[in-house]
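The opening residue of the sequence shown carries number 1257 in my numbering; numbering runs sequentially from there. Where is the CB? At the ideal position from N, CA and C, for every residue including glycine. This report concerns only the one structure given below.
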Amino acid sequence: MNYKINVGDRLPEFTATDQYGNIFSTKDFSKKFLVIYFYPKDNTPGCTKEACNFRDYSKEFEALDASVIGVSPDGIKSHQKFTEKYQLNFPLLVDENKELCKYFDVLQNKSTFGVDYVGIERSTFILNKQGELLWLERPVKVEGHIDRVLDALKKLM
């Protein structure tokens, strides 16, 4: 499948609001690798497992000089509840208008129980300190995902 962004592309700086209403800017993370993962919905089984895996491996990401950011179209209140319920230790960006989803090209046509809709393709991107896309996985299978991301970071160092 052809996507709008690919490995080697340099992404422009962007800002978004996190689960606490703080303004997140990629330029604030220019001293670390940035792992950005897109997920469909807070408090659903696969998304919860994925978020908790990122939480549980935070020391490994820190040792690899990487910050983790989650993105979904859920609102601030949903992200706050999700963060508090599972004690997540990284920012969740609010993308209610799906601008980041559009930019990262993670929207796709889906169908559930015969109902067609546009949803999020679970995807993960690793950017270097200069904002260059070094690695991506899409669509993501939650099982083994954290290991694949950590392995990719180790190879990129």
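For residue 1290, which option in 1300, 1326 and 1296 has the closest C-alpha, if you only look at C-alpha atoms?
Ranking 1300, 1326 and 1296 by Cα distance to residue 1290 puts 1326 first.
With distances taken between CB atoms, is the gap from residue 1336 to residue 1311 smaller than 8 Å?
Contact flag unset, no.
Collapsed DSSP secondary structure at residue 1263 in the structure displayed
In the displayed model, residue 1263 falls within coil according to three-state DSSP, outside both helix and strand.
Let me know the beta strand (DSSP E) ranges lying completely inside the region 1301-1343, each 3 residues or longer, listed in chain order.
Listed in chain order, the complete beta strand (DSSP E) runs (minimum 3 residues) inside the region 1301-1343 are 1322-1328.
Report all residues from its chain with a CB closer than 7 Å to the CB of residue 1368; omit the five preceding and five following residues, and keep chain order.
None.
Less than 8 Å between the CB atoms is what I'm expecting for residue 1288 and residue 1385, so what's the real figure, rounded?
Contact flag correct, Cβ pair sits at about 7 Å.
Boundaries (first-last residue) of the beta strand (DSSP E) holding residue 1366
Boundaries of the beta strand (DSSP E) around residue 1366: 1363-1368.
For residue 1300, count neighbouring Cβ atoms within 10 angstroms of its own Cβ and tell me buried if that reaches 16, exposed if not.
The residue in question, residue 1300, is exposed, as its Cβ has fewer than 16 Cβ neighbours within 10 Å.
Look up residue 1293 in the DSSP assignment and say whether it is helix, strand or coil.
Strand, per DSSP.
If contacts are defined as beta-carbon pairs under 8 Å, then residue 1380 and residue 1293 qualify, I think. What distance do you get, rounded to the angstrom?
Between residue 1380 and residue 1293 the beta-carbon gap is near 4 Å, inside 8 Å, which marks them as a contact.
C-alpha distance - residue 1349 paired with residue 1340, whole-angstrom precision
Residue 1349 and residue 1340 have their alpha carbons spaced roughly 15 Å apart.
Looking at C-alpha atoms only, which residue of 1269, 1322 and 1356 is the closest neighbour of residue 1330?
Per the C-alpha coordinates, the member of 1269, 1322 and 1356 positioned closest to residue 1330 is 1356.
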